[in-house]
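Counting in the UniProt record's numbering, the sequence shown runs without a single skipped number right up to 448 at its last residue.
Ideal Cβ positions, reconstructed from N, Cα and C, are used throughout, including at glycine.
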Amino acid sequence: MAHIIPFSDSHVENERMERDAAFVIRENQEMNHVSENIPIKSPVKEQQEEGEGGNELEPYETMRYKVKQLMLDLFPDYCTDNVKIYQMRDGRHNRIVGVRLCKKPPGAPWYSIQAIREMIQPCLTGRKKCTSHSRQFVLRIPRDPTQNMHHQVTTLAYLGYKLGHPVPKVIVFDAGAENALGYPYMLQEWLPGQPLSNLWPTLNQAQQLSAVRAISNIILDIRKIKNRCPGLISTRNTTYDLKHDIISTEPIPVPRTRATTHSTGVSTSLSEPQSTKDFLLNLCTRQRAYAIAAKQPACDDLWGRIIKMLEILHALAFIPDSLPFHLYHGNFNPRNLLASITSESTVEITAIMDWDLALFAPAFLSTSAPSFMWNGEALVEPEEAGLLEAKRTFENVVGESFSKEAYCSELVLARRLWPILITGFTNGRDIFLVEEVVREFEKLHPMT
Numbered sequence: 001m002a003h004i005i006p007f008s009d010s011h012v013e014n015e016r017m018e019r020d021a022a023f024v025i026r027e028n029q030e031m032n033h034v035s036e037n038i039p040i041k042s043p044v045k046e047q048q049e050e051g052e053g054g055n056e057l058e059p060y061e062t063m064r065y066k067v068k069q070l071m072l073d074l075f076p077d078y079c080t081d082n083v084k085i086y087q088m089r090d091g092r093h094n095r096i097v098g099v100r101l102c103k104k105p106p107g108a109p110w111y112s113i114q115a116i117r118e119m120i121q122p123c124l125t126g127r128k129k130c131t132s133h134s135r136q137f138v139l140r141i142p143r144d145p146t147q148n149m150h151h152q153v154t155t156l157a158y159l160g161y162k163l164g165h166p167v168p169k170v171i172v173f174d175a176g177a178e179n180a181l182g183y184p185y186m187l188q189e190w191l192p193g194q195p196l197s198n199l200w201p202t203l204n205q206a207q208q209l210s211a212v213r214a215i216s217n218i219i220l221d222i223r224k225i226k227n228r229c230p231g232l233i234s235t236r237n238t239t240y241d242l243k244h245d246i247i248s249t250e251p252i253p254v255p256r257t258r259a260t261t262h263s264t265g266v267s268t269s270l271s272e273p274q275s276t277k278d279f280l281l282n283l284c285t286r287q288r289a290y291a292i293a294a295k296q297p298a299c300d301d302l303w304g305r306i307i308k309m310l311e312i313l314h315a316l317a318f319i320p321d322s323l324p325f326h327l328y329h330g331n332f333n334p335r336n337l338l339a340s341i342t343s344e345s346t347v348e349i350t351a352i353m354d355w356d357l358a359l360f361a362p363a364f365l366s367t368s369a370p371s372f373m374w375n376g377e378a379l380v381e382p383e384e385a386g387l388l389e390a391k392r393t394f395e396n397v398v399g400e401s402f403s404k405e406a407y408c409s410e411l412v413l414a415r416r417l418w419p420i421l422i423t424g425f426t427n428g429r430d431i432f433l434v435e436e437v438v439r440e441f442e443k444l445h446p447m448t
C-alpha cells in the first residue's frame, strides 16, 4: 500500500492562530538534546514569515538567568546548580523554556518519622522505593500581555476533569509582571512525546493510520463536551463547578484579546442560552461597533453580506436553533499533538496542547475534518492511495453523520468565516478571504 506523505503547512485551520507546540522530551532523554538538534528560529524572523505576532521579549541569553531565579523563588529547596534551563522552539505568541530541577531536595532528618518510615518501607513491602531525582517543566512566557491567562488556566483545569485525554497541567502562573522574570508566565508540567508534525515522517503506514484513528477519536471526544451557552469558560467557575460540569461561560470579548496584567480576570457578565444564529449575528454587530469606535474601516458592505449568508444558513437549517454549543479547540493541528511510537504498528497521542483559543462555539466547528491527515482540503478527494486510506480511516471512525457535516460545502465556508467573526477585519488578507468565501457561497445560494 502507498505510504502516507508527511504533513504540509497548507492545511492549518487558521494561519493567524498561535503555533505553540513546545518541543518536549521523552522520559529517558536529556533536555539539552532538544536544544542541540532543533534549529531555533529567531522570533522576529518567524513573525515575518508567518504573519502578525506578539511583542518581542528580551534575548534568551539574558532571560535564562531570570528564569533560573524564578525557579529558585518557586522551589526554594533547590540551589542554583540544581536548576537547568534549556532553550526550546518558541511558539508564535509564547517563548517556551524547558526547566529541569536536577537534584533531590534535602530529605527529612534521619531521626524524623518520615525518614524512619522511608527506611523501613522496603523491609515491609519487599520493594525498594523509587524516587525521581529530577523534575521537568515547561515555562511559557507570553510575548503579548493581552493574553488572558486566567481563562487559559480555568480551561485547562476544566479539561483535566472532563476530557479524558492528557492536557497540560498548570503548576503555577502569574498574570502580572512583579516576579523575577518581569513578565507574566505559566509553568506547566512536562508531558512525554514529541509534536506529531515532527514524528510523522518517521512513521510507517500502519503507524500513521493508527495516529489517524487516535486523532479521530479525540475529535469525537472533544465534540461530546457541550453547553447551552457560548463563549469562554468563565473564571467565576469554582473547582466544584469544573468537576461536576456545571460551568458558566462568558461572552467572547471584542476585541478578542484584553490585558490581564494586574487583573483578576473576572468578567462582569455571563453568557445566556441562545441560538447559533443569534450568537453569530451578535458577534457581527459587536465587531462592526468596535471597528467604528476604534476608527477602523467598518467594511459595512462585507458585514452585510456575512449577515445575509448567516441568515440563509439558518433558513436552510444548516445552523438550527436547537443545537447546543460544543467545545472547540481553536488550533487543532499536528504541531499541537504530542505523540509517541508504542509499537511497529501503533502510535499513542500523549497530549493535546495549546488550548489558548478554546471556547464553546457553534456545532459546525466541532465537525471540522482534520484534513491535514490527507491533503489539506476538506472537499478534495486525495488521489494517492495512502492519503485516501487515511481519509477513509477517519470516516470509518467518526461515522456517516459526522462525515456528511464535515464535508458539507456550506459549513466548510462557514468555518472559514469563523476567524473573522471573532477577531474582525485586521488586515487586507481578511477582506480578500471574506470576499472569496461570499463568492463561493453565492454560487450555491444566490443572495439576491
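According to DSSP, residue pairing for N198 in a beta bridge does not occur. Q274 carries a coil assignment under DSSP once its states are collapsed to helix, strand and coil. In the displayed model, V438 falls within a helix according to three-state DSSP. Distance from the CA atom of E311 to the CA atom of K277, rounded to whole angstroms, is 7 Å. Between the beta-carbon of L232 and that of H151 there is about 5 Å, and that keeps the pair under the 8 Å contact cut. Here E389 is buried: its Cβ has 16 or more other Cβ atoms, across all protein chains shown, within 10 Å. Between the alpha carbons of A414 and G193 lies a distance of about 34 Å. DSSP places R135 within a strand segment (E or B) once states are collapsed to three. The Cβ atoms of L357 and G386 do not sit closer than 8 Å to each other.
Residue pairing for M186: DSSP places it in a beta bridge opposite R140, F173. Going by DSSP, F425 is part of no beta strand (DSSP E) at all; its letter is neither H nor E. In the three-state reduction of the DSSP assignment, V397 falls in the helix class. Within the DSSP bridge table, the entry for T249 names I233 as partners. In this model, W418 and P253 are separated by some 14 Å (Cα to Cα). Judged by beta-carbon spacing, L181 lies beyond the 8 Å limit of I246, meaning their Cβ atoms are not closer than that value. Taking the C-beta atoms as reference points, I307 is found no nearer than 8 Å to L283.
Looking at the DSSP output, R89 sits in no beta bridge, so it has no partner there. Contact annotation, F332 with C229: C-beta distance approximately 22 Å; criterion of less than 8 Å not satisfied. In this structure, Y161 and L242 form a Cβ contact; the two beta carbons are roughly 6 Å apart against a cut-off of 8 Å. A check of alpha carbon separations from V398 across W110, V212, L124 identifies V212 as the nearest. About 5 Å separates the Cβ atoms of N227 and F360, confirming a contact at the 8 Å cut-off. Rounded to whole angstroms, the gap between the alpha carbons of D321 and E405 is 16 Å. When only Cα atoms are considered, L191 and R135 end up about 11 Å apart. Going by C-alpha positions, V167 is about 47 Å away from T448. Its Cα nearest to that of S343, the residue N204 stands out among N204, L302, D300. Inter-segment contact for the stretch 294–304 and the stretch 431–440 is present: three or more beta-carbon pairs are separated by less than 8 Å. In the structure shown, H326 adopts extended strand secondary structure according to DSSP, grouped into three states. For K224, the secondary structure class from DSSP, reduced to helix, strand or coil, is coil. In the structure shown, S345 falls within a coil segment according to DSSP collapsed to helix, strand and coil.
Exposed is the label assigned to M119, since fewer than 16 other Cβ atoms lie within 10 Å of its Cβ. Classified as buried, R288 has 16 or more neighbouring CB atoms from the shown chains inside 10 Å of its CB. Taking the Cα positions, S371 is about 14 Å away from E384. In the DSSP secondary-structure assignment, I352 is bridged to L337. According to the DSSP assignment, R95 belongs to the beta strand (DSSP E) that extends over 94–101.
Secondary structure of V212 (DSSP, three-state): helix.
If you ignore the 5 residues before and after P251, its C-beta comes within less than 7 Å of the C-beta of G231, S269, S271, all in its own chain and listed in chain order.
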